[in-house]
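Which chain is which? The protein sequence lines are A and B, in order. Position one of the first sequence corresponds to residue 0 (numbering that gives the first Met the number 0), numbered consecutively onward. Position one of the second sequence corresponds to residue 0 (numbering that gives the first Met the number 0), numbered consecutively onward. Beta carbons: idealized from backbone N, C-alpha and C, even for Gly. Here the structure is laid out as structure tokens; the discussion comes afterwards.
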Amino acid sequence: MAPALLLLLAVFALPMLQYAWLSTQAQTVLTELEPQPVGLAQWQRLLQDGRFWQDAFQTLRFGLCSVGLELVLGLAVALLLNQPLRGRTLLRTVSLLPWALPTTVMALGWRWIFNDPFGPINLLLAQVGLPTVSFLGDPAITWLSMVWADTWKTTPFVALLLLAGLQTIPADLYEAAALEGANRWQSLRRITLPLLSPYILIAVLFRLAQALGVFDLVQVLTAGGPAGSTESLALYAYINAMRFLDFGYSATLMLAAFLLMLLLSGGAVLLWLVSRPRWAGGQR
Amino acid sequence: MNRLLLILWSLGPMLWQLYTSFRPNATLTGNPMQGGWTLEHYQALLGGNPPFWRYLLNSGVVGLSSTLLTLVVAVPCAYGLSRLGRKTARNVNVLVAIAAAFPYVLLFLALLQLARDLHLGNNLLALSLPYTGLSLPLAILLLQASFRDIPPELEEAARLEGLGLWQRLRWVLLPLMAPAIASASLLIFLFCWNEYPIALTWLSRADLLTLAPAMARIAGASVFTVPYGGFAAATVLGSIPLIVLVLVFQRQIVSGLTQGAIKG
């Protein structure tokens, strides 16, 4: 057990402690890359940094939209895969493929699919006489393209989790509800969703943490552009460390991103706890 | 109908890459209806310096060594945790589950510092160390759940037969856990194969790059020209090993994914 715990501490706990310390230091080219204590100056700088607030907003927007979309689509796919269909195993395998690909590989693929005007979507649009869409060149649209690509990749993961949850729900509950005259929408609302809610919570927590740390996808698909409109907090922290060699500020940014995640995850858990008794009451 | 939609949604983008990878660049930005087929993109990739298969090989090496190391470290730990009382184990598991969901990209700066201090950069086997650390939480959760599923009477019987701890593990427990070990190994391998930020910062020599940073480098190399045929060929070659892996082992992967999340 000891080596495992040691490794876990070295990989997870130590870095966070180091960031906490580094965020009170200035370590840049100006200090000849030697850490110098500056107190809370990095945190003050963070609060006044417009680019930080913009990236925080963009990261949040991306995270909430993609996780929300993945939940809805994932539930739809899970409900489909839960039916006794012919070729269900094959279908599950096929739908799992996007999830297994490396993000950088699929991001490069989507760059070509979103191409204006030669990607397949724009070719189709042009074919039917519609104007082409600048998927990767318009600040108002590009973040949606990113949500799209992320949804394509991660919906299978959410779907599998929810499918596992669906399979724990006994079929006679649905039969009883049908006997009492409940339609499909009512049984989804009154039986499926309440019983699935722990699985939904797990999916949300896991996906939220990953989506708010989005990095690979941004770097390869858009490099943060156009005009910084898709830059995420993780990418900003990366740029600070690797391009500006501003390690103290980079550590501060990472901690801020982490706190944001904690806050949101806590919010999700709270929401679940609050909504649970209401659902349980509705079931009666 | 719904099924068709799902298949189209999942496979469409990949099929488009496959199609593009066999088309000459000139036809991609010209009239899509004309022009022939070509292998030039694949030839360029495989004949490049370093050749593309090198990245696949590197990813394979890192994936295998990290998976092995993770198992070696995780099995004893999971065994120990599974023999703790329910309540203690539950508390530990909450921490482990948090670590499993942790957005590890935030750790790259500190880990890079570690690589510099210990001179671990540009070394594929050294890369297994952070990978092992990052894969451990999931491995521990999966293996521990599987240890718990084995009836304690079985181990007790083996103990009374005079088998030591190591022998019990080797001859009684591990064979029963083969499915869980397979699931865990596959998920760890997938994670290591796909990992980007740490590989990006730990590796700089072109011939040592793993697939993910190599892909990003290919993407960044040409901002103004549009060598999409080459891009597509690279995505196809980069996807094939994983597609094969998923097709062959989908049952183990699915059970690992769902078990990991539920037990955690």
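Would DSSP call residue i helix, strand or coil?
i: Q249 of chain B; result: helix
i: Q166 of chain B; result: helix
i: P169 of chain A; result: coil
i: V222 of chain B; result: Model confidence at V222 of chain B stands at a pLDDT of 49, short of 50, so the residue's coordinates are unreliable; what they give is reported in the following sentence. If DSSP states are grouped into helix, strand and coil, V222 of chain B belongs with coil.
i: P36 of chain A; result: strand
i: A98 of chain B; result: helix
i: Q282 of chain A; result: In this predicted model, Q282 of chain A has a pLDDT of only 45, less than 50, meaning its place in the structure is not dependable; the value taken from the coordinates is given anyway. It is helical.
i: Q24 of chain A; result: strand
i: R242 of chain A; result: coil
i: P12 of chain B; result: helix
i: R22 of chain B; result: coil
i: L211 of chain A; result: helix
i: N48 of chain B; result: coil
i: L135 of chain A; result: coil
i: G164 of chain A; result: helix
i: A255 of chain A; result: helix
Step through the CB atoms of chain A and report whether any lies within less than 8 Å of the CB of residue i.
i: P129 of chain B; result: yes
i: M176 of chain B; result: no
i: Q251 of chain B; result: no
i: I242 of chain B; result: yes
i: F223 of chain B; result: With a pLDDT of 46 at F223 of chain B, under the threshold of 50, the modelled position of this residue cannot be trusted; read the value that follows with caution. False, the Cβ-Cβ gap to chain A never drops below 8 Å.
i: F51 of chain B; result: no
i: N24 of chain B; result: no
i: L210 of chain B; result: yes
i: A343 of chain B; result: Given that chain B is displayed from residue 0 to residue 263, the structure contains no residue 343 of chain B and the question cannot be resolved.
i: S9 of chain B; result: yes
i: G84 of chain B; result: no
i: L149 of chain B; result: Correcting the residue type first, residue 149 of chain B is Ile in the shown sequence and not Leu. Not closer than 8 Å to any Cβ of chain A, the Cβ of I149 of chain B fails to qualify, so no.
i: Y41 of chain B; result: no
i: G132 of chain B; result: yes
i: A157 of chain B; result: no
i: T218 of chain B; result: The amino acid occupying residue 218 of chain B in the given sequence is Ala; Thr does not appear at that position. Closer than 8 Å: yes.
Between residue i and chain E, is there a C-beta pair that is closer than 8 Å?
i: F101 of chain B; result: Going by chain labels, chain E is absent from the structure shown, which instead holds the protein chains A and B.
Below 9 Å on C-beta distance, what does residue i contact in chain B?
i: D137 of chain A; result: Simply none; closest approach about 18 Å.
Taking C-beta pairs closer than 9 Å, name the residues in chain A that residue i reaches, listed in chain order.
i: Y195 of chain B; result: P101, T102, T103, F214, D215, Q218 and V219
i: H215 of chain B; result: The question names His, but residue 215 of chain B is Ala in the sequence shown. Near A215 of chain B (Cβ distances below 9 Å), the residues of chain A are T103, A106, L107, D215, Q218 and V219.
Going along chain A in order, which residues have a C-beta closer than 7 Å to the C-beta of residue i?
i: V104 of chain B; result: G212, F214 and A233
i: A98 of chain B; result: L7 and F11
i: T19 of chain B; result: W111
i: L135 of chain B; result: A3, L6 and L7
i: G237 of chain B; result: P101 and V104
i: A125 of chain B; result: Those within 7 Å of A125 of chain B in chain A number zero; the least Cβ separation is about 13 Å.
Looking at chain B, is there any beta carbon in it that lies within less than 8 Å of the beta carbon of residue i?
i: W142 of chain A; result: no
i: Q35 of chain A; result: no
i: I112 of chain A; result: yes
i: F124 of chain A; result: The displayed chain sequence assigns Leu, not Phe, to residue 124 of chain A. Output row for L124 of chain A: interface = no.
i: Q209 of chain A; result: yes
i: V127 of chain A; result: no
i: L204 of chain A; result: yes
Below 8 Å on C-beta distance, what does residue i contact in chain A?
i: P12 of chain B; result: P97, M105, G108, W109, I112 and W151
i: N1 of chain B; result: L79
i: T257 of chain B; result: L159, L160, L162 and A163
i: L27 of chain B; result: F117
i: L110 of chain B; result: V10 and P14
i: Y227 of chain B; result: W111, N114 and F117
Can you pull the chain B neighbours of residue i, defined as C-beta to C-beta under 8 Å?
i: P56 of chain A; result: Contrary to the premise, residue 56 of chain A reads as Phe rather than Pro in this sequence. The contacting residues do not exist; F56 of chain A stays about 18 Å from chain B at best.
i: F51 of chain A; result: Those within 8 Å of F51 of chain A in chain B number zero; the least Cβ separation is about 15 Å.
i: L84 of chain A; result: R2
i: F156 of chain A; result: L256
Taking residue i as the query, report the chain B residues whose CB atoms sit under 7 Å from its CB, ordered along the chain.
i: M0 of chain A; result: P75, C76 and G79
i: T92 of chain A; result: V245, L246 and Q249
i: P119 of chain A; result: W15
i: V76 of chain A; result: L5
Cβ-based contacts, 8 Å cut-off: residues of the region 231-261 of chain A near chain B: Result list: A233, A236, Y237, A240, M241, F246, S249, A250, M253, A256, F257 and M260.
Interface residues of the region 60-76 of chain B facing chain A [CB-CB below 8 Å]: Of all residues in the region 60-76 of chain B, only V72, A73, P75 and C76 place a beta-carbon less than 8 Å from a beta-carbon of chain A.
Between the region 165-191 of chain B and chain A, which residues of the former have a C-beta closer than 7 Å to a C-beta of the latter? Within the region 165-191 of chain B, the residues whose Cβ lies closer than 7 Å to some Cβ of chain A are L189, listed in chain order.
What are the complete alpha helix (DSSP H) segments, minimum 4 residues, inside the region 62-110 of chain A? Listed in chain order, they are 87-99.
Let me know the alpha helix (DSSP H) ranges lying completely inside the region 166-214 of chain B, each 4 residues or longer, listed in chain order. For the region 166-214 of chain B, whole alpha helix (DSSP H) runs of length 4 or above, ordered along the chain, are 177-193 and 196-201.
Report the residues of the region 16-28 of chain A with a CB closer than 7 Å to any CB of chain B, ordered along the chain. Answer set for the region 16-28 of chain A: Q17 and Y18.
Identify each residue in the region 2-13 of chain A for which the Cβ-Cβ distance to at least one residue of chain B is less than 8 Å, and report them in chain order. Here the close residues are P2, A3, L4, L6, L7, A9, V10, F11 and L13.
May I have a chain-ordered list of the alpha helix (DSSP H) segments no shorter than 4 residues that lie completely inside the region 56-113 of chain B? Within the region 56-113 of chain B, the complete alpha helix (DSSP H) segments at least 4 residues long are 85-100, listed from N- to C-terminus.
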